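Trainee: There's a structure below that I have some questions on.
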Amino acid sequence: SEKLAVICKAKKISVLAALPSFYLAAEEELIKWLNKLHLAGIAVIAEAWADIPIEMITRLFKKCGISNELDGTEDNLLYDLDKENYNSEDSLEIVNED
Numbered sequence: 074s075e076k077l078a079v080i081c082k083a084k085k086i087s088v089l090a091a092l093p094s095f096y097l098a099a100e101e102e103l104i105k106w107l108n109k110l111h112l113a114g115i116a117v118i119a120e121a122w123a124d125i126p127i128e129m130i131t132r133l134f135k136k137c138g139i140s141n142e143l144d145g146t147e148d149n150l151l152y153d154l155d156k157e158n159y160n161s162e163d164s165l166e167i168v169n170e171d
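Sequential numbering from 74 applies to the sequence shown in my numbering.
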């Protein structure tokens, strides 16, 4: 098995040495293109989040039980099924019972 590992390593080195330089350059270009594509995808997600009103994001996070205030001052604003109303635009509105 040690002989086989040495033979495989030697074969790999000879194959890599035989690769034309343009192949390696093309691989680098492919990596650059894939990185640009990834960044473009991130930009699309950022634009989609930017289109959502901040108030809606805040309400939806509170509906999930996520609040910015750790001291409990917003606990009364967290999701309560009995206080949920939907308007014609299907956005969530919390009704205060004061």
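C-beta: ideal position from N, C-alpha, C; glycine also. Source: prediction; values computed, not measured.
Is it buried or exposed, K84, if we count other Cβ atoms within 10 angstroms and call 16 or more buried?
Mentor: Here residue 84 is taken as the residue at index 11 of the sequence shown, counted from 1. Classification for K84: exposed.
Trainee: When we look at the beta-carbon of K135 and count the other beta-carbons within 10 Å, is it buried (16 or more) or exposed?
Mentor: Translated into the one-based positions of the sequence shown, residue 135 becomes position 62. Classification for K135: buried.
Trainee: To the nearest angstrom, report how far apart I115 and K82 are at their CA atoms.
Mentor: Taking the first residue of the sequence shown as position 1, residue 115 is located at position 42. Taking the first residue of the sequence shown as position 1, residue 82 is located at position 9. So the two alpha carbons sit approximately 40 Å from each other.
Trainee: My output table needs one value for L143: the three-state DSSP class, helix, strand or coil.
Mentor: One-based indexing of the sequence shown puts residue 143 at position 70. Reduced to three states, the DSSP call for L143 is coil.
Trainee: Determine the direct distance from the alpha carbon of E101 to that of V79, and round the result to whole angstroms.
Mentor: For the purposes of this step, residue 79 is identified with residue 6 of the sequence shown, where counting begins at 1. For the purposes of this step, residue 101 is identified with residue 28 of the sequence shown, where counting begins at 1. In a straight line, the C-alpha of V79 is about 29 Å away from that of E101.
Trainee: Pull up the distance between the alpha-carbon of K109 and that of A123, whole angstroms please.
Mentor: As a position in the sequence shown, residue 109 is number 36, starting the count at 1. As a position in the sequence shown, residue 123 is number 50, starting the count at 1. Spanning the two alpha carbons is a distance of roughly 21 Å.
Trainee: If you draw a straight line from the C-alpha of A98 to the C-alpha of H111, how long is it?
Mentor: Against the sequence shown, residue 98 aligns to sequence position 25. Against the sequence shown, residue 111 aligns to sequence position 38. Cα to Cα, the separation comes out at about 20 Å.
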